[in-house]
Every structure is written in C-alpha cells, then in structure tokens.
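One structure is given here, and the rest of the page talks about it.
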Amino acid sequence: MLETIILSAGQSSRMGRDKALLDINGVPAIIHIINKVMHVSDLIYIVLGDNLDTVKSEVLAFYGDTNKISFIYNEIHLKGMFSSVQKGFAAISGKNGVMLQLIDQPFISKNVYEELASSYNQENLIMQPSYVMGEVKRGGHPLVFAPEFKDVVLSYDNDQQLNDIIKKYQSRRKFIVVDDESILHNLNTKKDFNDKLTG
Numbered sequence: 241m242l243e244t245i246i247l248s249a250g251q252s253s254r255m256g257r258d259k260a261l262l263d264i265n266g267v268p269a270i271i272h273i274i275n276k277v278m279h280v281s282d283l284i285y286i287v288l289g290d291n292l293d294t295v296k297s298e299v300l301a302f303y304g305d306t307n308k309i310s311f312i313y314n315e316i317h318l319k320g321m322f323s324s325v326q327k328g329f330a331a332i333s334g335k336n337g338v339m340l341q342l343i344d345q346p347f348i349s350k351n352v353y354e355e356l357a358s359s360y361n362q363e364n365l366i367m368q369p370s371y372v373m374g375e376v377k378r379g380g381h382p383l384v385f386a387p388e389f390k391d392v393v394l395s396y397d398n399d400q401q402l403n404d405i406i407k408k409y410q411s412r413r414k415f416i417v418v419d420d421e422s423i424l425h426n427l428n429t430k431k432d433f434n435d436k437l438t439g
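Numbering (the working numbering), first residue to last: 241 to 439.
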C-alpha cells in the first residue's frame, strides 16, 4: 500500500472556483479522487490553503472523522505548488511509497491507481504513468515515489519546480504505460471542465 498526497492548495483563479469542490455528478471532485486512491492508500494527506475549512468540511461529511485522512494547511501556498509538495512530503512516514495526486485531475480511472500500486517497486525512485499517442509516449500524473524521495524534496528551497528535480533523477524514473488519456489533462478553466463532463 502507498501513502497518497493530494495537492489542493492552489487559488484556482482561471477556474473561478475551488477545483476541489467542482460538482461531478452531484459529488465534489475531491471525493471522486479520494474514492479512487483510498483503495491503494494506507494514509491520505490533503494539502490545502485558504480553502482548508470548506474542503475539510466536505470530506468529513462524506467520510466522517477517519484517521486515514489528514488535512495539512500550507500557510505559504501562494509561493507555488512546490511549497505544497514539501508540506505533503514533510507529513509522510518516509517508510512507504508515496503517490502525488493533483486536484485538477479527478477523471483519472481507478485502474490507473491500481496499476501504479501493483507495479510499485522502491528500486525505482520515480514511477510515472504514460499514454501512447500515435508513436509518442507522453508522461502524466499521478507520480509515485520511493520513500527516499522525501529527503530529496525536503533538501530544496520552497521556490523550486518539481519537474526540474525529477529531471535530475531521470535515470531512476520508470514509465508505466496505461490506457487512460486523462493522466495528461489538467482542469484549468471552466471550458476544460465542461468539455470533460460532456465528452
């Protein structure tokens, strides 16, 4: 089993409302994600910003006060996503593989999470799902990291870019081909969301 970090501290400025609370068939997006990652996760950490109270109340309304889900407040979330990545990695045990899930990808299928969990091997520092388009293989999310990546993340200043760090460990990254194009698509605008709902 993995530990999962869900990043949901962004301002969602282009969307115009909190992505975690987007309504998908009557259920908030954050709940859709939790429902899928829960089956492969021992613990789930949700990193939040100004939306801490609203998202926490929605999650607790669905799951109750469970010790499987923790809420982490990132008081410096305006510094960027990597500050939230660090908050999440600071909270994990450092003993298990960790999956990093973005809030703006609620449509990824349950099969992707199951495939990543079953393929997990801590000899690979980074595992990344990929989708083949024509003859091109494109990497997406969520990423799965070996326990030792905690120390890597926490060794950097909070103004870094996660992608830049991952590139430094390219030789220890393994791609897992999945049959779900959703791993490539982030929901950034209302149009993105509506297109995904109706598509």
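Positions of the beta carbon are idealized from the N, C-alpha and C atoms, including for glycine.
Buried/exposed call for Leu340, threshold 16 Cβ in 10 Å: buried
Helix, strand or coil at Phe389 [DSSP, three-state]: helix
Terminal residues of the alpha helix (DSSP H) in which Val295 lies: Leu292 to Tyr303
Runs of beta strand (DSSP E) lying entirely within the stretch 344 to 427, each at least 3 residues, in chain order: Entirely contained in the stretch 344 to 427, the beta strand (DSSP E) runs reaching 3 residues are, in chain order, 366 to 373, 376 to 379, 383 to 385 and 413 to 417.
DSSP-derived helix/strand/coil call for Gln326: Here Gln326 carries a helix assignment [DSSP, helix/strand/coil].
Ser323 to Asn398 span [Cα, whole Å]: 5 Å
Secondary structure of Leu283, DSSP reduced to three states: strand
Close-in-space but distant-in-sequence residues of the same chain around Arg413 (CB under 8 Å, 5 per side omitted): Asn364, Leu365, Ile366, Met367, Gln368 and Ile406.
Per-residue DSSP class, three states only, for Ile309: strand
Member of Tyr285, Phe311 and Asp282 whose CA lies at the smallest distance from the CA of Thr294: Phe311
Collapsed DSSP secondary structure at Asp435 in the structure displayed: helix
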